[in-house]
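J.:
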Amino acid sequence: MDTTKTTDELEKEMESSRQHFSDDKFWEKVKKYGKKAGSSLVYSVLLLYFTLQKPDVPVTAKATIIGALGYFILPLDLIPDLTPVVGYTDDLAALGVALFQVAIYIDQDVKDKAKAKLRDWFGDDVDTSEIDSKID
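Residues 3 to 138 (my numbering) make up the sequence shown, in order.
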């Protein structure tokens, strides 16, 4: 099965996934699958979530974030999240597209909040440099 998706295909799927986003569903999924998904995916999700909370982020950027987070929350996506190892690759791709599109709104405060939550769940030894280098 070819799991490579174009940016346009991911954006369309994110658009249709917006209806699945809610704060409660978001935190439930992160808490339930966070350890299995890994710190990079969770950090990406948290960056988007805390960016969404900023009042000065334009509606179009918030729509992109909600679409990506909705796709993350969606229980049945292109590659089911229960599939070992590759189950989160499509989620990470959708989150990566959204991060790239809204990177201008991800400030140090957002990063600090995301890192603090990440440390709570994964401990102090979490390395976020790979994601940070892509959005700086």
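Think of the CB as a built atom: it goes at the ideal place given N, C-alpha and C, for glycine as much as any other residue. These numbers come from a predicted model, not from an experiment.
(1) Spatial neighbours of residue 133 within its chain, please: C-beta separation below 8 Å, excluding the five flanking residues on both sides.
(2) Starting from the C-beta of residue 121, find all residues in its chain whose C-beta is less than 8 Å away, skip the five residues before and the five after it, and write them out in chain order.
(3) Could you tell me which of 24, 32 and 26 sits nearest to residue 119, measuring between CA atoms?
(4) Give me, in chain order, the residues of the same chain whose beta-carbon lies closer than 7 Å to that of residue 59; leave out the 5 immediate sequence neighbours on both sides.
(5) Closer than 6 Å by C-beta to residue 94: which residues in its own chain qualify, once you throw out the five before and the five after it? Chain order, please.
(6) Rounded to a whole number of angstroms, what is the C-alpha to C-alpha distance between residue 51 and residue 136?
T.: In short, the structure shows the following:
(1) As a first step, residue 133 must be located in the sequence shown, where it is residue number 131. Cβ contact annotation for residue 133 (same chain, cutoff 8 Å, sequence separation greater than five): 42, 45, 46, 49 and 101, in chain order.
(2) Counted from its first residue, the sequence shown places residue 121 at position 119. So the qualifying residues of the chain are 128.
(3) The residue given as residue 119 occupies position 117 in the sequence shown. Measuring from the Cα of residue 119, the nearest candidate turns out to be 32.
(4) Working through the sequence shown from its first residue, we reach residue 59 at position 57. Excluding residues within five positions, the ones whose Cβ falls inside 7 Å are 53 and 107.
(5) By one-based count along the sequence shown, residue 94 stands at place 92. Counting only Cβ-Cβ distances below 6 Å, and skipping sequence neighbours, we find 43.
(6) On the sequence shown, position 49 is the one that residue 51 refers to. On the sequence shown, position 134 is the one that residue 136 refers to. Rounded to whole angstroms, the separation of the alpha carbons of residue 136 and residue 51 is 17 Å.
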